[in-house]
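*Asks:* If you scroll down you'll find the structure; I have some questions about it.
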Amino acid sequence: MKHSYPTPDQPLKIGTRGSPLALAQAHETRARLMAAHDLPEAAFEIMVIKTTGDDRTLIDADRPLKEIGNKGLFTKEIEEAMIEGRIDIAVHSMKDMPTLQPDGLLLDCYLPREDTRDAFVSRHVKTIADLAPGQVVGTSSLRRRAQLLNRRPDLKVVEFRGNVQTRLKKLDDGVADCTFLAMAGLHRLNMVEVAQSAIAPEDMLPAIAQGAIGIERRTDDARLAEMLAPLNDLATTQRLAAERAFLAALDGSCETPIAGLALIDGADIWLRGEILRPDGSERLFEEGRAPIADGADLGRDLAAKLRARAPADFFSWL
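Going by the working numbering, the letters in the sequence shown line up with residues 12 to 329, in that order.
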């Protein structure tokens, strides 16, 4: 069934956070919808919605994410706006998304995935290996903190929150000697030069779904299902099915040191995953391969293997 398209008089409302990166992702989504359906820019309205995780006072104070909230820290208010009908779709960084959506909402459209690697960002140091003992690393990510301390327990890690521009200013102010960002975000902001180096997955396995943009809609909105279908990238969908199943089986959230990356290898999917203690004192790693169609089962299988290997107190932080 063919549905009516949005018009300048009745635009499609795209919900997003207000950071420069979030807006770049919303603009990319709008551009892809315009191209797919030959629609003018005026047929779309980008609506900025402030989330709990965007509270400026908490960012400036470098409050740890786990003190502010847990799952849905960057999504709750946006999803509420969609349920209430104030927006039609929401554009999300998939690494921020809980593995379960609220009743009535659905995530089934993913844009082509960007670079999944982490970026090492410093004004004076080229790589992690070049850091001297005792130097200060700023990050709000428990995953990055745990991975770094697992490799370099001689470093000091401090809380370090904010968007790209905020974090760069904090480096200039001497809050830390270096920090990490996602290469995907730097690409989307045309700021790749900010990275001193990209970190190979073998050295720092990325966050689940890092580099992927998801578009959320109401489950019963057939018009949006039709409009979004041409935008969905199959390879990204297949990779995220494995990664997010792995995360869900470990009850992962934005305060959980879990990492994972799935890659398509011919007719198979190759998944690597790891869990860490928050202080980096222990790291458990698994990898496996399966036919692409069995990616979600592979994710659950790897999670089960890690749980079986973990000491009894390993998940006390969940």
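Heads up, the beta-carbon is just placed ideally off N, CA and C, and yes, glycines get one too.
Owing to the predicted nature of the structure, the values given are computational and were not obtained by experimental measurement.
State the DSSP-derived secondary structure class of K24, mapped to helix, strand or coil.
*Replies:* If DSSP states are grouped into helix, strand and coil, K24 belongs with the strands.
*Asks:* For A321, does the three-state DSSP call read helix, strand or coil?
*Replies:* In this structure, A321 counts as coil in the three-state DSSP scheme.
*Asks:* Would you call the CB atoms of V186 and G149 closer than 8 Å?
*Replies:* A contact, by the Cβ cut-off of 8 Å.
*Asks:* How about Q249 and G306: are their beta carbons less than 8 Å apart?
*Replies:* The answer is yes: Cβ separation under 8 Å.
*Asks:* Rounded to a whole number of angstroms, what is the C-alpha to C-alpha distance between G247 and G26?
*Replies:* In the sequence as presented, Gly is not what sits at residue 247; that position holds Thr. The alpha-carbon atoms of T247 and G26 are separated by roughly 22 Å.
*Asks:* What distance in whole Å lies between the Cβ atoms of I226 and C120, which are believed to be in contact at a cut-off of 8 Å?
*Replies:* With 8 Å as the limit, C120 and I226 qualify as a contact, their Cβ atoms being about 4 Å apart.
*Asks:* May I ask which residues mark the beginning and end of the alpha helix (DSSP H) holding R41?
*Replies:* Where R41 is concerned, the enclosing alpha helix (DSSP H) stretches over 31-48.
*Asks:* I think T40 touches V102, with their Cβ atoms under 8 Å apart; what is that distance to the nearest whole Å?
*Replies:* Right, their Cβ atoms sit about 5 Å apart.
*Asks:* Could you name each continuous beta strand (DSSP E) segment of 3 residues or more that falls completely within the region 185-251, going from the start of the chain to the end?
*Replies:* Listed in chain order, the complete beta strand (DSSP E) runs (minimum 3 residues) inside the region 185-251 are 189-193, 208-210, 224-229.
*Asks:* According to DSSP, is A314 helix, strand or coil?
*Replies:* In this structure, A314 counts as helix in the three-state DSSP scheme.
*Asks:* Grouping DSSP H, G and I as helix and E and B as strand, with all else coil, what is R283?
*Replies:* Looking at R283 - three-state DSSP - the assignment turns out to be strand.
*Asks:* Is it a yes or a no for the region 168-187 touching the region 308-325, going by three-plus beta-carbon pairs under 8 Å?
*Replies:* The region 168-187, when compared against the region 308-325, does not touch it at the 8 Å Cβ threshold.
*Asks:* Which residue from A54, Q112, V59, P51 puts its Cα closest to that of Q36?
*Replies:* Closest by alpha carbon: V59.
*Asks:* Taking the alpha carbon of D244 as the reference point, which residue from E91, I224, L116, H48 has its own alpha carbon closest?
*Replies:* Residue I224 is the option with its Cα nearest to D244.
*Asks:* Give the secondary structure of V59 by DSSP, where H, G and I count as helix, E and B as strand, and everything else as coil.
*Replies:* Correct three-state label for V59: strand.
*Asks:* Are there 16 or more other CB atoms within 10 angstroms of the CB of R67, so buried, or fewer, so exposed?
*Replies:* At R67, the pLDDT of 49 sits below 50, so the modelled position is not reliable; the number obtained from the coordinates is stated separately. Answer is exposed; the Cβ neighbour count stays below 16.
*Asks:* Which residue or residues does DSSP assign as beta-bridge partners of K167?
*Replies:* K167 pairs with V147.
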